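Q: Chains A and B supply the protein sequences, listed in that same order.
Residues in the first sequence are numbered from 1 upward in steps of one, following our numbering.
Residues in the second sequence are numbered from 1001 upward in steps of one, following our numbering.
Protein chains: 2
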Amino acid sequence: MGIVVQKYGGTSVGSLEKIRNVARKVAQRYKNGDRIAVVLSAMAGETDRLITLANELSANPDSREMDVLISTGEQVSVSLLAMALRDLGVPARSLLAHQISIRTDNTHTKARIIDVGVETIKKVFDAGEVAVVAGFQGITLENDITTLGRGGSDTSAVALAAVLGADVCEIYTDVDGVYTCDPNICDKARRLDKISYDEMLEMASLGAKVLQTRSVEFAKKYNVPILVKSTFSDNGGTLTIKEDEDMEKEVVSGITYDRNEAKITLLGVQDRPGVAATIFTGLAEKNINVDMIIQNVSPDGKFADLSFTVTKTDFNKAMEIVREKAPQLGAREVTGDTSIAKISIVGVGMRSHAGVASRMFEALSCVGINIMMISTSEIKVSCVIDEKFVELGVRQLHETFELDKPGSNFGKD
Amino acid sequence: MGIVVQKYGGTSVGSLEKIRNVARKVAQRYKNGDRIAVVLSAMAGETDRLITLANELSANPDSREMDVLISTGEQVSVSLLAMALRDLGVPARSLLAHQISIRTDNTHTKARIIDVGVETIKKVFDAGEVAVVAGFQGITLENDITTLGRGGSDTSAVALAAVLGADVCEIYTDVDGVYTCDPNICDKARRLDKISYDEMLEMASLGAKVLQTRSVEFAKKYNVPILVKSTFSDNGGTLTIKEDEDMEKEVVSGITYDRNEAKITLLGVQDRPGVAATIFTGLAEKNINVDMIIQNVSPDGKFADLSFTVTKTDFNKAMEIVREKAPQLGAREVTGDTSIAKISIVGVGMRSHAGVASRMFEALSCVGINIMMISTSEIKVSCVIDEKFVELGVRQLHETFELDKPGSNFGKD
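1) Check whether the stretch 344-364 of chain A and the stretch 320-332 of chain A are in contact - that is, three or more C-beta pairs closer than 8 Å.
2) Could you give the distance in angstroms between the alpha-carbon of A/Leu-283 and the alpha-carbon of A/Arg-103?
3) Would you identify the three-state DSSP class for B/Ile-1102, choosing helix, strand or coil?
4) Going along chain A in order, which residues have a C-beta closer than 8 Å to the C-beta of B/Asp-1062?
5) Let me confirm a value: B/Ala-1127 is counted as buried when at least 16 other C-beta atoms fall within 10 Å, else exposed. Which label applies?
6) Entirely within the stretch 275-356 of chain A and at least 3 residues each: give me those beta strand (DSSP E) ranges in chain order.
7) Considering only residues of the same chain and omitting the five flanking positions on each side of A/Phe-361, which have a CB-CB separation below 6 Å?
8) Starting from B/Val-1058, find everything on chain A with Cβ-Cβ shorter than 7 Å and list it in chain order.
9) Give the residues from the stretch 88-103 of chain A that approach chain B closer than 7 Å (Cβ to any Cβ), ordered along the chain.
10) May I have the straight-line CA-CA distance separating A/Lys-18 from A/Asp-167, to the nearest angstrom?
11) Considering only the alpha carbon of each residue, which of A/Ser-365, A/Ala-37, A/Leu-81 lies closest to A/Leu-164?
12) Whole angstroms are fine: how far does the CA of A/Ser-196 sit from the CA of A/Asp-404?
13) Give the list of continuous alpha helix (DSSP H) stretches no shorter than 4 residues that lie fully inside the stretch 170-194 of chain A.
14) What would DSSP say about B/Glu-1065, mapped onto helix, strand or coil?
15) Give the range of the beta strand (DSSP E) segment to which A/Asn-376 is assigned.
16) May I ask you to verify whether the stretch 1116-1134 of chain B touches the stretch 1043-1055 of chain B, counting CB pairs closer than 8 Å and requiring at least 3?
17) If you compare alpha carbons, which of B/Gln-1099, B/Val-1116, B/Gly-1010, B/Asp-1187 is closest to B/Glu-1399?
18) Mind checking B/Ala-1023: buried by the 16 CB within 10 Å criterion, or exposed?
19) A/Gln-28: buried (16+ other C-beta within 10 angstroms of its C-beta) or exposed?
20) Quick check on the burial criterion: 16 or more other C-beta atoms within 10 angstroms. Buried or exposed for A/Asp-244?
21) According to DSSP, is B/Val-1124 helix, strand or coil?
22) In three-state DSSP terms, what is A/Glu-243?
23) Can you list the alpha helix (DSSP H) stretches of 4 or more residues lying completely in the stretch 193-264 of chain A, in chain order?
24) Looking only at C-alpha atoms, which of B/Asp-1062, B/Phe-1125, B/Asn-1032, B/Val-1076 sits nearest to B/Ala-1044?
25) In chain order, what residues of the same chain lie with their CB nearer than 6 Å to the CB of B/Arg-1332, ignoring the 5 residues before and after it?
26) Beta-carbon separation of B/Gly-1138 and B/Ala-1111 under 7 Å?
27) Give the secondary structure of B/Lys-1412 by DSSP, where H, G and I count as helix, E and B as strand, and everything else as coil.
28) Please list the residues of the stretch 1006-1039 of chain B that have a C-beta atom closer than 9 Å to any C-beta atom in chain A, keeping them in chain order.
29) Does the count of Cβ pairs from the stretch 150-159 of chain A and the stretch 201-216 of chain A closer than 8 Å reach three?
30) Short of 6 Å in beta carbon distance, which residues of its chain neighbour A/Arg-395, apart from the five on each side in sequence? Order them along the chain.
31) Tell me, please, whether the stretch 1384-1394 of chain B touches the stretch 1194-1213 of chain B by the rule of three or more beta-carbon pairs shorter than 8 Å.
32) Kindly indicate if chain B contains any beta-carbon less than 7 Å away from that of A/Leu-69.
33) Could you say which of B/Asp-1193, B/Thr-1240, B/Ile-1100, B/Asn-1143 lies nearest to B/Cys-1169 if we only look at CA atoms?
34) Count the other C-beta atoms from every protein chain shown that fall within 10 angstroms of the C-beta of A/Glu-324, then say buried if there are 16 or more, exposed otherwise.
35) Between which two residues does the alpha helix (DSSP H) holding B/Asp-1144 run?
36) Buried or exposed: A/Thr-231, going by 16 or more other Cβ atoms within 10 Å of its Cβ?
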């Protein structure tokens, strides 16, 4: 007997038949004697349908109202699952963000959780019921509805698991775990049984779409084990846990890529203090995240070329802001490039192995791929390349670091 | 400058174009300087779509979860209208039942409002904003979502108007007012400019589908003037107000009918105390409303035939309960009839005019309509007749009481 948080994504509850299937899985677990909180996304396609409705109505829909609108998707799925569970004789109760008190900040459409109440769910558990919780949504201190951004239900689930002290947070999705790279691109991709929070964090933020980055941050902070599994099969699964001595420390655990990148370059800006601040404060004010930044100073030290990347989604808004600021920085020209992608290698073993980055650059140049920007952390190396070379690059790196063979890795021996 | 509550029904917000139309009407009023709370129903067809979804999932959907599900319809429409208003430069804010604190009892799917908070809306008014309120929904003391039954948004609007001390509660719908009878049945139907709460109450409860009965009770109790108007035209309208000396007291103001009636008869029940209680307590426990009741005692005074009507919707459930109780009452037989309807005349003038009922019976018998049951109140007479005679009966009564001529009425002179 334990406390389990399960999260089912949109494809897992995409039809009434699939909702019944989820109900059967939850019922089975319930009958084992576990206390279960189930977190749901909206039925597949529903959030997009609602966003389209808003965009057809308004050129610039108010973000507070957008959250009121799109949070209905999860309200529908939780009520339906609670009905389906009751049909199976499992007492269940749907709960919305305001009923649980999932408090967030005021950043509509990408809010961050600041606190989660436990009283309501504990009462539901004490009554012997399954708590069916609407993911993705939160509520501000002023009782306004917020949403947590794409994939936000992952974060709802992990946050709930953290406050409930759950034994595990199970994320059910349409893939059976985390792979060494995208199996759609590379047929040698191998499922990982275990991965550390830090690696998963890098994988998530670098574009492996299995978990929302924020959910992994939460899991790491509160030490919540996350098990990623398929809704449609009992096999497989990848466990994300704290890195420990026993853990096999792969030099490179996975290759990721992200096509949702765009590059903006300011040519010939004056090289004086405050230039970067002017640009990046302007972007931050509009909630635009900047990923990589590179600055080259001219030989005479007076002018610099400044390049940075944002998501393709934010590209137009970012270009507008940069064009507006460019004159006061003396920039000669502003250019943009949306045909780029980011390709990365991730692995905790990099901490203790030199030469991993250069091996990556070599491998890419071997097949004629030019590297435009580079960024590194303790456990990852990312390169911006031409978008058309993504598949080639991923396969080349997968082979170079021998990721198809468990336990064997370049430079490890 | 005043406080106005406007309510728009499902057909008024049935498409994005219609929502933009409502936004224009609200904007115009806002620019006059009024403080406006707009109450909305779900977009036409949405509530039914959600109910169908639940019924496809489950043979007997849990009523608490049904309310969580169907209350999303209003959440969608209020968010969209708030967006549309902002596009017109009108600051607006959607508000749900839990944000306002529209408290109800726990009777899911037909809850009754017990209290409405004013703080939130007053804050919205003080900020110079339009409050766009989700109708139909409420919240229990335990923070469970409830809904108020078909037409519940009318009651939301009137309750809000009452607590806000609004000058008027305007109900916008697809007809331009309250008529002497259904214009679809009788082409001589005439729109009423004014009607008293008591008459409107009888009209509403007798089947004229313009307003939810409960909303008129609220309006009468708190003396809120209700103006029923068309969303799609600036003309017409019927004002429901307190009966006063100046008011023209029509003997008969309107003819109504209700096809949603079914009759259940217990033959030969023992005529002893407690028989009626056994039956009607059983029905009340299942939230089944009984309308008319008739009991005929046999010549020897030992046995009675008991007939009563319920809605067609409740008929099957009611038959089940009655069949179960019948043996202990010694009933010989239980019969049911779903091909009946109720036809009624309503008018405050009846209080001071004799002979109105008999004139009604005469008029119906004149065209060969048999009367199965009769019930009267101070200001109405209702007859249960064969459903197939509804149109004929309505037209006959309309002519008998000369309702096509304003101010002129049978027996008035």
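Even for Gly, the Cβ is constructed at its ideal location relative to N, Cα and C.
Since we're looking at a predicted model, the values are computed, not measured.
A: Let's see:
1) no
2) Within the first sequence, numbered from 1, the residue matching residue 283 of chain A stands at position 283. Within the first sequence, numbered from 1, the residue matching residue 103 of chain A stands at position 103. A/Leu-283 and A/Arg-103: Cα-Cα distance of roughly 26 Å.
3) Start at 1 with the first residue of the second sequence, and residue 1102 of chain B comes out as number 102. It is a strand residue.
4) Walking along the second sequence from the start, residue 1062 of chain B turns up at place 62. Result: Ala-82, Met-83, Arg-86.
5) Locating residue 1127 of chain B in the second sequence gives position 127, where the first residue counts as 1. For B/Ala-1127, the number of other beta carbons within 10 angstroms of its own is below 16, and it is reported as exposed.
6) 293-297, 303-310, 333-346
7) In the first sequence, counting from the first residue as 1, residue 361 of chain A sits at position 361. Result list for A/Phe-361: empty, nothing under 6 Å.
8) Working through the second sequence from its first residue, we reach residue 1058 of chain B at position 58. At residue 1058 of chain B the sequence reads Ser, which differs from the Val that was named. Residues of chain A with a Cβ closer than 7 Å to the Cβ of B/Ser-1058 are, in chain order, Met-83, Ala-84, Asp-87.
9) Ser-94, His-98, Gln-99
10) By 1-based counting over the first sequence, the position of residue 18 of chain A is 18. By 1-based counting over the first sequence, the position of residue 167 of chain A is 167. Each residue's alpha carbon lies about 26 Å from the other.
11) For the purposes of this step, residue 164 of chain A is taken as residue 164 along the first sequence, with counting starting at 1. The residue with the shortest Cα to Cα distance from A/Leu-164 is A/Ala-37.
12) For this step, residue 404 of chain A is matched to residue 404 along the first sequence. For this step, residue 196 of chain A is matched to residue 196 along the first sequence. Straight-line Cα distance between these residues: approximately 19 Å.
13) none
14) Locating residue 1065 of chain B in the second sequence gives position 65, where the first residue counts as 1. Of the three classes helix, strand and coil, the one that applies to B/Glu-1065 here is helix, per DSSP.
15) Locating residue 376 of chain A in the first sequence gives position 376, counting from the first residue. Note on identity: in this sequence residue 376 of chain A is Thr, with Asn being the wrong assignment. 373-377 is the span of the beta strand (DSSP E), which, as asked, contains A/Thr-376.
16) no
17) Residue mapping note: residue 1399 of chain B aligns to position 399 of the second sequence, counting from 1. Out of B/Gln-1099, B/Val-1116, B/Gly-1010, B/Asp-1187, B/Asp-1187 has the C-alpha closest to the C-alpha of B/Glu-1399.
18) Indexing the second sequence from 1 puts residue 1023 of chain B at position 23. The residue is buried, with at least 16 neighbouring Cβ atoms inside 10 Å.
19) Reading the first sequence from its first residue, position 28 is the one you call residue 28 of chain A. A/Gln-28 should be labelled exposed.
20) The count along the first sequence starts at 1 and reaches residue 244 of chain A at position 244. Label assigned to A/Asp-244: exposed.
21) Residue mapping note: residue 1124 of chain B aligns to position 124 of the second sequence, counting from 1. The answer is helix: DSSP assigns B/Val-1124 an H, G or I state.
22) Position 243 of the first sequence, counted from the first residue, corresponds to residue 243 of chain A. A/Glu-243: coil per DSSP, three-state reduction.
23) 197-205, 213-222
24) Translated into positions along the second sequence, residue 1044 of chain B becomes position 44. Nearest option by C-alpha distance: B/Val-1076.
25) Counted from its first residue, the second sequence places residue 1332 of chain B at position 332. Cβ within range, chain order: Leu-1267, Gly-1268.
26) Taking the second sequence and counting its residues from 1, one reaches residue 1138 of chain B at position 138. Taking the second sequence and counting its residues from 1, one reaches residue 1111 of chain B at position 111. Yes, the pair counts as a contact, with Cβ atoms nearer than the cut-off.
27) Residue mapping note: residue 1412 of chain B aligns to position 412 of the second sequence, counting from 1. Caution applies to B/Lys-1412, whose pLDDT of 42 falls short of 50 and renders its modelled position unreliable; the value that the coordinates give is listed next. DSSP places B/Lys-1412 in coil when its eight states are reduced to three.
28) Leu-1016, Ile-1019, Arg-1020
29) yes
30) For this step, residue 395 of chain A is matched to residue 395 along the first sequence. Here the set comprises Cys-186.
31) no
32) The residue given as residue 69 of chain A occupies position 69 in the first sequence. It does: the Cβ of A/Leu-69 has a partner Cβ on chain B nearer than 7 Å.
33) On the second sequence, residue 1169 of chain B is found 169 positions in, with the first residue counted as 1. Distances from the alpha-carbon of B/Cys-1169 to those of B/Asp-1193, B/Thr-1240, B/Ile-1100, B/Asn-1143 put B/Thr-1240 closest.
34) Indexing the first sequence from 1 puts residue 324 of chain A at position 324. Its Cβ having fewer than 16 others within 10 Å, A/Glu-324 is exposed.
35) Here residue 1144 of chain B refers to the residue found at position 144 of the second sequence. Unbroken run through B/Asp-1144: none, as it is neither H nor E.
36) As a first step, residue 231 of chain A is located in the first sequence; it is residue number 231 there, counting from the start. Its Cβ being crowded by 16 or more others within 10 Å, A/Thr-231 is buried.
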